[in-house]
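The sequence shown begins at 2 in this note's numbering and counts up by one.
Just below is one structure, and these are the notes that go with it.
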Amino acid sequence: MDILVTGGTGQVGLELRRHAWPEGARVHFPDRAELDLAQSKDIARIIASRSWSVVINTAAFTAVDKAETEVDAAFALNARAPAVLAIETAKAQIPLVHVSTDYVFSGSKPEPYVEDDAIGPLCVYGTSKEAGERGVRGANPRHAIVRTAWVVSEHRANFLKTMLRLSRERERLKVVVDQCGSPTSARDLAGGLARVALALAEDRSAPAGTFHLVNAGETSWHGFAVEIMRLAFKADGKRPIVDPIPTSAFPTPAKRPANSRLATAKIEKAYGIKLRPWPEAVAEIVAALES
Ligand SMILES: NC(=O)c1ccc[n+]([C@@H]2O[C@H](COP(=O)([O-])OP(=O)(O)OC[C@H]3O[C@@H](n4cnc5c(N)ncnc54)[C@H](OP(=O)(O)O)[C@@H]3O)[C@@H](O)[C@H]2O)c1
């Protein structure tokens, strides 16, 4: 079985590389030279190049604030590329697993978001990802759109790594307290994506549609930062103080949802996937980074 994964140098892509795939699964991670997702002809060529069993699209324009000014680039990667991937995979009659985001929602709902809640992105990144979801849904019925949130890992730049760096540079940190969500390990997410992709590849009746997948539990960015400090400075009394601040005190170019919580019951029912509590997953990442 040949599986194509885009974004193999990203947080989630790197975890799909080290995932324990079953014997017989050959997983391909084309580099940019082989597949530039901004080029539709590259997408058509790579899909037609082999008899793929399933495609997993983790690549995206993920610089949320930059997207506010680099609108065309964000839409090329987050909206057009998934749509073209969906058209080409549908032509080849293969399933497509596509990763999306909590930022398709406005964050005004008091409870966790379920899959069919009304969307209402607040920023260009969210709008472009929502357009990508529509492109996938509209072109390939054998799709799984997996929305996730607050992804962290040992790789690249992310909130957890930023906090660890700042903790070595400062004695006090200010972190936003009025946005809540579930920190999600790229490794745990990759495990879920692999499971969904293999099921869709092997079983034509495997459930298609939109799903939410995040680690269990919830917190604020402030709560997340406090936990990172606790883990990183376990034996050391000199851990930095983390002060809670409102979003209004930390203005950013892109507006973010106040509520990023995603309900995950649907993917648990459809695929039996439930990710462990976020503090456990985060402890694993901090331990790996500090070792
Ligand atoms: N990070 C989060 O907190 C978060 C939250 C919710 C949802 N998500 C979604 O989760 C998915 C994975 O995110 P991530 O954190 O793993 O992203 P990431 O670490 O920023 O990686 C993005 C990947 O996309 C690739 N890429 C960018 N432009 C490309 C192009 N023109 N052609 C081919 N590849 C290109 C990058 O390649 P290079 O290495 O060459 O740049 C990289 O491999 C995305 O769909 C994202 O929207 C992420």
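All residues carry an ideal CB built from backbone N, CA and C; glycine is no exception.
This structure is a prediction, so every number in the text was calculated from the model and none was measured.
Trp-222: CB within 7 Å of a non-hydrogen atom of ligand 1: For the purposes of this step, residue 222 is taken as residue 221 along the sequence shown, with counting starting at 1. No.
Between the CA atoms of Leu-199 and Glu-89 - distance to the nearest angstrom: Within the sequence shown, residue 89 is the residue found at index 88, counting from 1. Within the sequence shown, residue 199 is the residue found at index 198, counting from 1. Going from the Cα of Glu-89 to the Cα of Leu-199 covers about 19 Å.
Sub-8 Å separation of Arg-148 and Thr-220 beta-carbons: Taking the first residue of the sequence shown as position 1, residue 148 is located at position 147. Taking the first residue of the sequence shown as position 1, residue 220 is located at position 219. Not in contact: Arg-148 and Thr-220 (Cβ atoms no closer than 8 Å).
Residue burial classification, Pro-111 (beta-carbon count within 10 angstroms, cutoff 16): Locating residue 111 in the sequence shown gives position 110, where the first residue counts as 1. That one is exposed.
Best match in Glu-131, Tyr-126, Leu-38, Val-125 for proximity to Glu-116 [C-alpha to C-alpha]: Working through the sequence shown from its first residue, we reach residue 116 at position 115. Considering only alpha carbons, the answer is Glu-131.
Test: Gln-12 CB closer than 8 Å to a CB of chain B: This model lacks chain B altogether; it includes just one protein chain.
Runs of beta strand (DSSP E) lying entirely within the stretch 26–84, each at least 3 residues, in chain order: 27–29, 55–58
Simplified DSSP assignment, three categories, for Thr-248: If you number the sequence shown from 1, residue 248 lands on position 247. Thr-248: helix per DSSP, three-state reduction.
Residue interval of the alpha helix (DSSP H) (run including Ile-268): Taking the first residue of the sequence shown as position 1, residue 268 is located at position 267. That run of the alpha helix (DSSP H) goes 266–272.
Beta-carbon proximity of Ala-255 to Glu-69, cut-off 8 Å: Within the sequence shown, the letter at position 254 stands for residue 255. Within the sequence shown, the letter at position 68 stands for residue 69. Yes. Within cutoff.
Rounded distance between the beta-carbons of Pro-113 and Arg-262, thought under 8 Å: Position 261 of the sequence shown, counted from the first residue, corresponds to residue 262. Position 112 of the sequence shown, counted from the first residue, corresponds to residue 113. Their Cβ separation, rounded to whole angstroms, is 4 Å, which keeps Arg-262 and Pro-113 in contact under 8 Å.
Per DSSP, cross-strand counterpart(s) of Ile-4: Here residue 4 refers to the residue found at position 3 of the sequence shown. DSSP lists Val-28, Val-55 as partners of Ile-4.
Neighbour-count burial assignment, Pro-142, 16 or more Cβ in a 10 Å radius: Locating residue 142 in the sequence shown gives position 141, counting from the first residue. Pro-142 comes out exposed.
Alpha-carbon spacing of Gly-29 relative to Ala-77, whole angstroms: Here the question's residue 29 lines up with position 28 in the sequence shown. Here the question's residue 77 lines up with position 76 in the sequence shown. Contrary to the premise, residue 29 reads as His rather than Gly in this sequence. Going from the Cα of His-29 to the Cα of Ala-77 covers about 23 Å.
Contained beta strand (DSSP E) runs [length at least 3] in the stretch 82–133, N- to C-terminal order: 97–102
Touch test, the stretch 226–243 against the stretch 56–75, Cβ-Cβ under 8 Å, three pairs minimum: no
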